[in-house]
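Have a look at the structure below, then the notes.
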Amino acid sequence: MKKRAVLIGMTVLGVCLAAALVIAGARDRRPVLVCLGDSLTSCGGAGGHFSHWLQRLMPDVRVIDAGIGGDTLDGGRARYDRDVLAHNPDVVLIALGANDFWRNSRPVSVMGGDLRAMVKEARRRGMQVVVASCFGDRDFWEEVCTEFDASRFELAEQIARMERAICDEYECLYVPNMQIDVKPNRLPPFWDETDHPNRAGNEQVALCLLPALRQAVSRVKTK
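Residue 205, in the numbering used here, is where the sequence shown stops; the numbers in between run on with no holes.
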């Protein structure tokens, strides 16, 4: 009876071990991309975030959406460990700064301190970083319709210069104007009643982000 119990126990243990090995072999081994952002990352409705489009466009990568409406650079920094680093990503996309711009309550140098801290930690861990902006490479005086008045042009340019300088310092990739293909704001077919890109708009944003993200992923695969 005891021998039988031992045999049954060993059989169960063997089955469990075999199952564990199968599960381990089936674990998702794709590179991981975390998209850290604000409402521009979390907008678009179910299945319509730009991260959802990126997942469709890059099935060889596992995309995690870490967008929270209203977030800022310091907010992103505060939740960086939990919402980004905890996933041990290979690539981090940082798309923050729009709310810092609208609130205009902190110097650009302080905003830059938050961005630099996040970029520096990711690079220290060997992660690739892509910074996505709404302000770079834009001639505001030549745009038919901007989303803010001329009194804010200099602030937008300062933020863009700060972002680019940090990317140059840490050898990150920079997407200067991720909404370039859905400008001007607020107009169909790319914008909804919340004054954010809709599903169709986010497809265009994803396509704009795609070249830099593919480049970042290629660096991961060849490192």
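Every residue gets a Cβ at the ideal spot worked out from N, C-alpha and C, and that includes glycine.
Quantities reported herein were computed from a predicted structural model and do not represent experimental measurements.
- With a cutoff of 7 Å on beta-carbon distance, V157 and A114 are scored as near each other.
- DSSP places C17 in the uninterrupted beta strand (DSSP E) bounded by V14 to G19.
- Non-local C-beta neighbours of L36 in its own chain, meaning closer than 6 Å and more than five positions away in sequence, comprise V45 and A188, ordered along the chain.
- Q186 carries a helical assignment under DSSP once its states are collapsed to helix, strand and coil.
- The beta carbon of D174 lies closer than 7 Å to those of N180 in the same chain, with the five residues before and after it left out.
- Counting only runs of 3+ residues, the beta strand (DSSP E) found wholly inside the stretch 124 to 182 occupies 155 to 157, in chain order.
- In terms of Cβ geometry, L195 and V112 form a close pair [threshold 7 Å].
- Between L55 and M93, the C-beta gap is smaller than 7 Å, which places the two residues in contact.
- Residue pairing from DSSP places L75 in a beta bridge opposite C17 and V112.
- DSSP, reduced to helix, strand and coil, places D53 outside both helices and strands of the structure shown, so it counts as coil.
- Classified as buried, T23 has 16 or more neighbouring CB atoms from the shown chains inside 10 Å of its CB.
- Counting only residues of its own chain and dropping the five nearest sequence neighbours on each side, Y62 has a CB closer than 6 Å to the CB of M100.
- In the three-state reduction of the DSSP assignment, A194 falls in the helix class.
- Judged by DSSP secondary structure, H34 falls within the alpha helix (DSSP H) whose first and last residues are F32 to L39.
- Shown here, V45 sits in a strand according to DSSP, grouped into three states.
- In this structure, the beta-carbon distance from L78 to D42 does not fall below 7 Å.
- Per the C-alpha coordinates, the member of C190, N184, P193 and R201 positioned closest to H34 is N184.
- Apart from sequence neighbours up to five positions away, no residue of its chain approaches A132 with a beta-carbon distance below 6 Å.
- Straight across, the Cα-Cα distance linking C149 with A198 is about 13 Å.
- For the set L75, G29 and P166, the Cα lying nearest the Cα of R120 is the one of P166.
- Relative to the Cα of R85, the nearest Cα in the group E151, L191, G52 and H178 belongs to G52.
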